[in-house]
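Residue numbers (our numbering): 1431 to 2491. Here a beta-carbon is modelled for each residue, glycine too, at the ideal position from N, C-alpha and C. Predicted model, so just to flag it, every value in this text is computed and none were measured. For reference, the structure is listed below as structure tokens.
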């Protein structure tokens, strides 16, 4: 696989920068093909020398330095007041310039695979989108705080709660990522100030646009918070990746550090309390004196990092005192000379690592918190700014790993913490045999285990977690694994384990809660005995298991919440004992899809009273939909597509008012679509929460009626390949669905006319529509003008109809359109020229604004090879123009050469004439170019050799002449790409360019069959956009680690450019 690079954009604060650089080192150590570019933003209010010194110290210190580079961006002047969102917005132009240089043709830089940016740099998502690469957020604080901020969005946006009104309140908030109620007075200061609130919330709103969120934490530390994302308690925005603890454990070797370490060497073990308040922490003289009195009275040895505050009103880093005595009590230094040492800036990591340190009075910055845990040093909390009050609460109350001096202190407050409070906290944190110290030591061991590649242990050293997905592991899965009797989580998914799954009945871990062996090569029958009675999640999907599903799977489990055996070769029926155990009321997901199961759907599903997802698509199930299914009122998804189900859809489906996805395509369901498809039958509109309805490939007939408009959340509607009638009425009704994004109606309304503007009454309809498919209907008429009002339309399929007339200028000027299929029609005339042609494709940067969010379900596109490709995002659909099999004439427009994002251009089987424009060589992303079966003359431009991604090319059956270019991709094309051009010459057609016979070269038999692809002999094929798929070829990407995901995304984008039929 080729070399790739990631672009890292840290926020210009030393704590954020160090954590992000440590993440790069972690990634680089995992894959030698990866390199990283780190962009250093500069802001005058921050001490750039600290950042500069860190970067300079990094370069020679690691063997990875040749694969990481730092690029300084122009310095940004400080504005009063400082708003980070405005700062990031100004930086975007500088970042774009860097990325443009990376992507410049001929650049030596490895291909850009994606962005990783700081939690406060979400504006960089726009830049990543402009260049068509994914972006990830690096969250430098805790998972609990991430959950808290997402909850703040919920209560502000949905409950109209203004956090600034809670500033002096005793209110306690129920935060899903916390076990205990959270006092509002501990909220970050930014949430309590109106000038900061909105920029901060706006920043966190954008988290949902990222591919994933990388969090500097580990499961053993924040298990409840992380689980709150997995179980849905916390509103999940993107995939969560806990990858910590990520720490910079390299120590400074300066003479100043050596002096401090030498002093510590003379102190007894665990005898010294260390006071340090971060890179921005400092106190006024009155508070300094109170700290000094507390230290002196406590009698403990101490090391104190004492910093001078910046001038009043200035946002600057603290500095060191030349003479600390000026702010200390008189005689303090003399009285404490034998037990204490005062320093300025302190090498915190080296100090915490020293055996003399017994306690840490800290501002509770997250990096400092993780460092103290790593070295097993308990903390006394004294937060200063940012989210440190939250961190203090989490450490003291939530995790019980720290003691309190203060939890609600704020740097800008006028409060003076008295010496008694400080002394009490110091004595508590220094208590040698305290439970807190024991817990911190145990968590220290777990933090180190967290970096031992997926192995977790309890405080007694017993293995509790084996979390080793996607590690390339092979061989048989040994039954000895069940000897780990304390095992709670076993995840060996996405490896290559083979052989049978053997379970030991009497030695199995009773504590097992998660069993995930998905995406391996395990085969044979499922174990007949399943002793894990407390297991909650069983995922055996995507293996090679065969035989029947044993009843014992369900009879012995008590807490099962999720059961997935999809994508195997299981036979027999779905067990009737599926809801045998009364405890099955807790099961929420059952997935039997993609097997060879037969028989009826069990009629006892109503006993699974909390079931939310029921999938059994792509099997051989028969019979009707059982009435009991409609009694499971908690259902949100029913996916039973591609079976042999028959009969009507029962009226009782209206009981399932929470239903969001109804996927029944590819069955033999009968009946008409009566008043309100909202009905199927006539009362389905009661399911008003439906977001997705797919009933393609059935035998449903009749019309769509207005009651469907009651489904106000409906955004994905697929009814392709049925027997619907009255397209004019259908369009008028569906235009009222304001949230509709995807509408697939292909293979219906046979031989009707496309409605024109006079027949379409809703002039403002379809304003959010992004995909419209009306292919294969044999429509007559012309391309209707009402399409010109669909400014968000990104993909249009009108192929395989009998549409006539010209291609209207407004169609190729739609601002968002990047995929258009008008193939196999009766369209004539010239291609529009002199217009702003498909602006969404004219630039790989500023104008390529394709929606990057996930569709509710993947869209399925049929290609000429009769295969289907699935796309879970519009941004993954290859930009394409399909105009084949029409009667278009005139010259190939040179304006097409401006469409730099285009992947597929198919103009075959028309009447184009003139030369092939040399401008096509500007289409540097082009993967397929088909100009066959036209009347083109002249030579093939040699500049087309520069199209390095071109994998399919044909100019067959034209009137071209001259030499066929050689080199580049042209050395890979078969002779069938050039046949029936009597004037072409070159080695590929076995005709010397000095020899010009008036005869064409015969096609070799093996090349003739391949040529049918290019010639568009697709009479038996259907339209392009049809349906979505229940699981999707892209689904595995969502379960891979984010680095692998970068590679897969690129691979898919480059290899899936096959023209839809």
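One thing to note: residue 2126 has its Cβ no nearer than 8 Å to the Cβ of residue 2144. Proximity of the region 2172-2184 to the region 2205-2219 meets the contact definition, three or more beta-carbon pairs being nearer than 8 Å. Assignment of residue 1976 by DSSP, reduced to helix, strand and coil, places it in the strand class.
Approximately 6 Å separates the beta-carbon atoms of residue 1449 and residue 1646; this is inside 8 Å, confirming the contact. For residue 2346, the closest alpha carbon among the candidates 2386, 2312, 2315 is that of 2386. Residue pairing by DSSP places residue 2312 opposite 2251, 2336 in a beta bridge. Judged by DSSP secondary structure, residue 2043 falls within the beta strand (DSSP E) whose first and last residues are 2043-2045.
For residue 1448, the enclosing alpha helix (DSSP H) covers residues 1444-1460. Residue 1734 sits away from residue 1570, with the two beta carbons spaced by 8 Å or more. The residue among 2331, 2239, 1853 with its C-alpha nearest the C-alpha of residue 2249 is 2331.
Judged by DSSP secondary structure, residue 1541 falls within the beta strand (DSSP E) whose first and last residues are 1541-1548. Taking every protein chain shown into account, the CB of residue 1794 has 16 or more other CB atoms within 10 angstroms, so this residue is buried. Per DSSP, reduced to three states, the secondary structure at residue 2056 is coil, with no helix or strand assignment. Within 10 angstroms of the beta-carbon of residue 1818 lie 16 or more other beta-carbons, which makes it buried. Runs of the alpha helix (DSSP H) spanning 4 or more residues and lying entirely within the region 1615-1660 occur at 1624-1635, 1653-1660, in chain order. Assigned with DSSP and collapsed to three states, residue 1848 falls in coil, not helix or strand. Under the three-state reduction of DSSP output, residue 2196 falls in the coil class, being neither helix nor strand.
Between residue 1791 and residue 1621, the alpha-carbon positions lie close to 25 Å from each other. The beta carbon of residue 1861 is closer than 8 Å to those of 1867 in its chain, skipping five residues each way along the sequence. Residue 2067 has 2043, 2091 as its beta-bridge partners, per DSSP. For the pair residue 1523 and residue 1529, the Cα-to-Cα distance works out to about 10 Å.
In this structure, the straight-line span from the alpha carbon of residue 2378 to that of residue 1982 is close to 56 Å.
Residue 2220 holds the alpha-carbon nearest to the alpha-carbon of residue 2247 among 2228, 1756, 2220, 1949. Between the C-alpha atoms of residue 2129 and residue 2158 there is a straight-line separation of about 21 Å. Under the criterion of beta carbons closer than 8 Å, residue 1676 and residue 1453 qualify as touching, at roughly 5 Å.
Membership of residue 1566 in the beta strand (DSSP E) is indicated by the continuous run 1565-1569. The beta carbon of residue 1954 sits closer than 6 Å to those of 1930, all from its chain and outside the five residues before and after it, given in chain order.
If you look at residue 1435, you'll find it in the beta strand (DSSP E) that goes 1434-1439. Bounds of the beta strand (DSSP E) holding residue 1921 are 1919-1921. With 16 or more other Cβ atoms inside 10 Å of its own Cβ, residue 1778 counts as buried. In terms of Cβ geometry, residue 1521 and residue 1471 form a close pair [threshold 8 Å].
The alpha-carbon separation between residue 2392 and residue 2201 amounts to approximately 42 Å. According to DSSP, residue pairing for residue 1553 in a beta bridge does not occur. Residue 1581: member of the alpha helix (DSSP H) spanning 1573-1587, first to last residue. Between residue 2072 and residue 2134, the alpha-carbon positions lie close to 23 Å from each other. Annotated as proximal: residue 1952 and residue 1973, with beta-carbon spacing under 8 Å.
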